[in-house]
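*Asks:* Each residue of the sequence shown is one higher than the one before, starting from 0 at the first, in numbering that gives the first Met the number 0.
For glycine and all other residues, C-beta sits at the position ideal for the given N, C-alpha and C.
Before I ask anything, let me first share the structure, which is written out below as structure tokens.
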Amino acid sequence: MSWLEHIEFKDLIRDSPYLMLIEDNKPGDINLDLDTISQLAVKGGLVIVASAGEHKKQSDNRPPKSLWISVRIEMLEFLCGNDPKYDKLREQLEQVKKGGSKTIIPLIAAAIAGFLNVGVGMITGLVALIIGVILKTGKVGFCNYYYKK
């Protein structure tokens, strides 16, 4: 997966701002795991309020938790498994890897959105979140911990 080497962590924050919570962590130094961070990224999950004044409840436009679970399952199969349905995506990523995260993340999100029959925009942040955690933990450690969990 040499395409992972072409992704800059800081570029992922645009699609998944929750990655700022682990931006300065070094590999193996994660205090927040994927499950905790994902609670910030899904509807009904944790909310960070950065206001000293009165907080007004706003509509929750984050994707539903059920979608997060589906994206996570597909991403784990793509990244850690060997399901042939992802062979074409793996080939495409090797061809466009020099485009970095601006090319790689939408390509992965589009493939997974197609399998899940949802809009790409609904899952791009979730895909970026998982890739960001992998960049911080390492792919082998990530797969050993989360795959088939």
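1. Helix, strand or coil for residue 119, going by three-state DSSP, please let me know.
2. So what does DSSP say about residue 32, is it helix, strand or coil?
3. Residue range of the alpha helix (DSSP H) that residue 143 falls in?
4. Starting from the Cα of residue 132, find the closest Cα among 1, 42, 41 and 75 and give me that residue.
5. My understanding is that residue 112 touches residue 119, with C-beta atoms under 8 Å, so please give their C-beta distance in whole angstroms.
6. Take residue 134 and list the residues in its own chain whose beta-carbon comes closer than 6 Å to its own, dropping the five residues that flank it on each side.
7. Find the nearest neighbour of residue 69 within the set 124, 115, 108 and 145, judged by alpha-carbon distance.
*Replies:* Reading from the atomic positions:
1. Helix.
2. Residue state, collapsed to three classes: coil.
3. 138-145
4. 75
5. 5 Å
6. 8
7. 115
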